[in-house]
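If you read the sequence shown in the numbering used here, its first letter stands for residue 203, the second for the next number, and so on. A virtual CB, placed ideally from N, CA and C, is assigned to each residue, including glycine. As the structure is a prediction and not an experimental result, all values here were calculated from the model. Notes follow the structure.
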Amino acid sequence: MSDSSNFAVAIDGPAASGKSTVARRLAERLGLIMINTGAMYRAIAWATIENEVDAADSAAVLAMLDKLEVTCGVKDGTSTILIDGTDPGDALREDAVNSRVSTVAAIPEVRHLLVEKQREYLKLGSLVMEGRDIGSVVFPDTPYKIYIDASEEVRLARRSAEGLTDVVSKRDEEDSKRKTSPLVVAEGATVIDSSEMDIDEVVEAALATLRTQGMND
203 MSDSSNFAVA IDGPAASGKS TVARRLAERL GLIMINTGAM YRAIAWATIE
253 NEVDAADSAA VLAMLDKLEV TCGVKDGTST ILIDGTDPGD ALREDAVNSR
303 VSTVAAIPEV RHLLVEKQRE YLKLGSLVME GRDIGSVVFP DTPYKIYIDA
353 SEEVRLARRS AEGLTDVVSK RDEEDSKRKT SPLVVAEGAT VIDSSEMDID
403 EVVEAALATL RTQGMND
């Protein structure tokens, strides 16, 4: 498949909306590569912890990145990210990372670096990419855009079930108010509220949405 024929399915939404699970299931159903952009920002946040860098000090974060090798790839159909050859693994889901990922993600230079890497993935094949600015910034021209939402109460319950204690309302505020690539419903995106739906129902709703947006699965 040539680069020009590859396409991106953009899945955006706030923390704990279920977008990662939906994106993974969609990629499996459609036979596409699955790209988790949140893990990329989490990896940078993890690196600030490992290197004892203040995530709020953008100059220090950028100086750290100048010394690190950030490698993005694909394994078994899913995106991977290595920091100096190390896979952070389950550490990306820890509260310490959750507490600073929005701060790191608000740094314009960090977003520019990772957005360029995200766009490079399209050279490997058609994909489902989930995040917060996929339909608005990374692939604004794709016709396939879905925004997965859920009530704050439901998202808090999901976080708690994962053993996490971060406050989603704080993440929402940080993500939606940052100056660079804020969390928004992209133009042309269809909103799916997953509050009262199980994962199978959300996936089927997403597939139906993609069909209305012109996709033949």
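Annotation: T414 to A407 spans about 11 Å, alpha carbon to alpha carbon. In the three-state reduction of the DSSP assignment, N418 falls in the coil class. Spatial neighbours of P345 in its own chain (CB-CB distance under 6 Å, excluding positions within 5 residues in sequence) are listed in chain order as Q415, G416. Minimum Cα-Cα distance from N418 among the listed residues L232, G220, L264, E375 corresponds to L232. Taking the Cα of A217 as reference, the smallest distance to any Cα among I283, T239, R321 is reached at T239. Ranked by Cα distance from I283, the options A265, A308, K319 are led by K319. Ranking A307, V370, F341 by CA distance to the CA of A247 puts A307 first. Taking the C-beta atoms as reference points, I309 is found no nearer than 7 Å to V224.
Beta-bridge annotation (DSSP): V272 is paired with I285.
The Cβ atoms of F209 and S328 lie closer than 7 Å to each other. Going by DSSP, D374 is part of the alpha helix (DSSP H) stretching over 370-379. Apart from the 5 residues on each side of it in sequence, S353 sits with its Cβ closer than 6 Å to the Cβ of S397 in its chain, given in chain order. In the three-state reduction of the DSSP assignment, A210 falls in the strand class, which pools E and B. Across the structure, S207 and M236 are spaced so that their CA atoms are roughly 17 Å apart. Burial is judged here by how many other beta carbons sit within 10 angstroms of a residue's own beta carbon; D377 has at least 16 and is buried. Between R357 and the set I348, P342, R373, K347, the nearest pair of CA atoms involves R373.
Excluding five sequence positions before and after V317, the CB atoms of its chain that fall closer than 7 Å to its own CB belong to V339, V340, given in chain order. Secondary structure note for D351: its beta strand (DSSP E) is the uninterrupted segment 346-351.
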